[in-house]
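Step one of this worksheet: look at the structure below.
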Amino acid sequence: MAENIIMLDEAECSSKECKICGQNAHGIHFGVISCRACAAFFRRTVVLSKKYICRRANSKCKIDKTERYLCRLSRMEKCKLLGMTEENVQYNRDSLSSTQKSVITENPGSKSKSRDGPPLFDISEVLKKIHYIFDNFKIPEDDKLYMSKTTLGKMDYALQAIRVDQKRKKLNFRTSMDMDEMIMNWGDEMCRVANWMMHSEEFRKLESSEKFSVFKLVWMVWQRFERLTISIEIFGKKAYDDKILIISNDDAVHMNLLDVDVSKITDHSSDSIRLMFEPFCLKMFEHIAKPLLEIEPTSMEVTYMLCQVFWHNGGRLLHDATLSASEKFIDKIANDLHFYYTKDRKITNYAGRLIRLMSVVNSLQRLQLERQKLFELAKLFDVFKVKLAEPEDLFEG
């Protein structure tokens with residue numbers, strides 16, 4: 235069934251209010267006069283079968299133009315109460331099309347805003363690249379060295395492959411960035427992570443939709459840890475002392491000196507946002523970078539830790555097939571690490587070293603949970619006002 239959308243012209247948009255939140259209406263969506271944001275929210279909730287929890291546990295939170303983002307359950311209930319119908323939702327339609335009249339979207343680098351809500355970051359092209367990688371990736375079967383490696387060895391090979399263009403000297407130290415630059419950089423990082431993940435046979439065998447579910451859970455924490463390990467590899471103790479983080483093949487930053495222009499996504503000052511997230515950044519260096527400096531892990535050990543981050547995050551809260559794939563992969567790399575220690579490095583008693591490696595991974599998991607809680611608080615108090623043209627939880631890891 236087609237989605238019943240009746241468009242409003244410019245004059246009507248300015249004179250009619252969204253029945254859900256009170257913003258200027260965009261049209262009649264799913265049977266109700268509503269703004270673009272509320273229509274997209276309703277459709278996304280239906281298509282993705284999202285389940286929400288009321289922040290006040292009574293499903294009666296106030297939903298208006300200032301508080302519509304605070305409680306998603308109450309917002310959805312209001313959509314239904316006013317007559318939005320799930321039957322009219324098309325499941326194959328782009329969630330935030332830019333083709334409809336009176337809707338303004340933006341590409342990275344532009345400063346425009348969507349008519350009815352926060353700024354929109356269009357990452358659809360990046361998502362296409364990721365899905366292309368998932369659908370078309372081929373292992374290097376003609377590379378005899380690669381094919382002779384263990385599972386862990388292949389993942390280490392893949393890590394070196396995605397780092398092949400990494401500058402190790404004369405990096406450009408950025409002192410400031412805006413959100414468009416951040417999003418573009420994250421897009422490049424997402425493609426690197428997707429390529430690395432596809433070297434796991436267990437991951438390749440997952441259904442396409444499940445691959446993407448794992449990817450959403452994993453990519454940000456994985457790349458954050460990987461970037462920290464390459465920063466330590468290149469800068470050594472200086473990375474810890476000066477809080478240096480390599481953010482791309484060409485660029486690095488001093489985390490305590492970087493000025494990020496967040497005006498596009500929040501009404502709060504850059505200083506207040508820095509105060510919110512600075513403790514997390516300092517903990518990353520204290521609880522992750524410092525132990526890594528003391529351990530001095532080899533490339534194979536770094537890969538082992540990245541594999542643990544990959545599947546410990548990716549295997550949780552998903553289907554049984556993914557959990558099974560996770561367990562199979564973890565067993566393989568555990569055996570491979572044993573072989574690496576006992577055969578390649580001639581170390582028979584490696585338990586103490588393995589404990590130290592896993593302690594770093596566990597610390598990273600704890601920090602990740604802290605970061606997620608911080609983002610939940612930020613969402614609860616409407617700190618950030620931003621929309622994505624694709625899954626809204628892609629940057630919440």
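The C-terminal residue of the sequence shown carries number 631 in the working numbering, and the numbering is unbroken.
C-beta: ideal position from N, C-alpha, C; glycine also.
Values in this document were obtained by computation on a predicted structure and should not be read as measured data.
Residue i burial status per 10 Å Cβ neighbour count (16 or more: buried)
| i | result |
| --- | --- |
| residue 386 | buried |
| residue 513 | exposed |
| residue 436 | buried |
| residue 528 | exposed |
| residue 254 | buried |
| residue 407 | exposed |
| residue 607 | exposed |
| residue 333 | With a pLDDT of 34 at residue 333, under the threshold of 50, the predicted position of this residue should be treated as unreliable, and no value is reported. |
| residue 449 | buried |
| residue 460 | buried |
| residue 382 | exposed |
| residue 423 | buried |
| residue 427 | buried |
| residue 479 | buried |
| residue 589 | exposed |
| residue 537 | buried |
| residue 544 | buried |
| residue 542 | buried |
| residue 285 | exposed |
| residue 605 | buried |
| residue 259 | buried |
| residue 308 | buried |
| residue 243 | At residue 243 the pLDDT is 46, less than 50, meaning the model places this residue with poor confidence and gives no usable figure here. |
| residue 581 | exposed |
| residue 240 | Residue confidence is low: residue 240 scores 46 on pLDDT, short of 50, so the model does not pin down where it sits. Its coordinate-derived value is still stated next. Answer is exposed; the Cβ neighbour count stays below 16. |
Beta-carbon gap between residue i and residue j smaller than 7 Å
| i | j | result |
| --- | --- | --- |
| residue 597 | residue 546 | no |
| residue 320 | residue 360 | no |
| residue 433 | residue 388 | yes |
| residue 444 | residue 576 | no |
| residue 591 | residue 535 | yes |
| residue 295 | residue 272 | no |
| residue 262 | residue 250 | no |
| residue 473 | residue 466 | yes |
| residue 277 | residue 323 | yes |
| residue 570 | residue 384 | yes |
| residue 523 | residue 462 | yes |
| residue 499 | residue 418 | no |
| residue 483 | residue 578 | no |
| residue 314 | residue 297 | no |
| residue 595 | residue 525 | no |
Three-state class that DSSP yields for residue i in the structure shown
| i | result |
| --- | --- |
| residue 475 | helix |
| residue 578 | helix |
| residue 297 | coil |
| residue 624 | Bear in mind that the predicted position of residue 624 carries a pLDDT of just 44, short of 50, making it unreliable; the figure below should be weighed with that in mind. The answer is coil: DSSP assigns residue 624 none of H, G, I, E or B. |
| residue 330 | Confidence is the limiting factor: at residue 330 the pLDDT is only 33, short of 50, which leaves the residue's position unreliable and the question unanswerable from this model. |
| residue 466 | helix |
| residue 522 | helix |
| residue 613 | helix |
| residue 262 | strand |
| residue 408 | strand |
| residue 251 | strand |
| residue 345 | In this predicted model, residue 345 has a pLDDT of only 37, less than 50, meaning its place in the structure is not dependable; the value taken from the coordinates is given anyway. DSSP places residue 345 in coil when its eight states are reduced to three. |
| residue 305 | coil |
| residue 505 | helix |
| residue 589 | helix |
| residue 484 | coil |
| residue 287 | coil |
| residue 434 | coil |
| residue 448 | helix |
| residue 495 | strand |
Selected residue, minimal CA-CA separation from residue i, among the options
| i | options | result |
| --- | --- | --- |
| residue 602 | 562, 518, 524 | 518 |
| residue 366 | 442, 400, 420, 574 | 442 |
| residue 617 | 278, 472, 496 | 496 |
| residue 264 | 257, 258, 275 | 275 |
| residue 599 | 451, 572, 493 | 451 |
| residue 269 | 475, 376, 257 | 257 |
| residue 410 | 577, 588, 485 | 485 |
| residue 456 | 429, 314, 252 | 429 |
| residue 439 | 373, 472, 314, 316 | 373 |
| residue 491 | 515, 298, 501 | 515 |
| residue 377 | 391, 464, 500 | 391 |
| residue 425 | 475, 316, 396, 297 | 396 |
| residue 477 | 488, 561, 483, 471 | 488 |
| residue 368 | 282, 447, 579, 470 | 447 |
| residue 563 | 580, 581, 539 | 539 |
Near the ligand GTP: residue i beta-carbon under 6 Å from a heavy atom
| i | result |
| --- | --- |
| residue 261 | The ligand GTP is not among the ligands present in this structure, which contains no ligands whatsoever. |
Residue-chain proximity (residue i, chain D), Cβ-Cβ < 7 Å
| i | result |
| --- | --- |
| residue 571 | Of the protein chains in this structure there is only one, and it is not chain D. |
For this session: Would you mind listing the beta strand (DSSP E) stretches within the segment 358–428 that are 3+ residues and don't spill past its ends, in chain order?
Result: Fully contained in the segment 358–428 are the following beta strand (DSSP E) runs of length 3 or more, in chain order: 406–408, 410–412.
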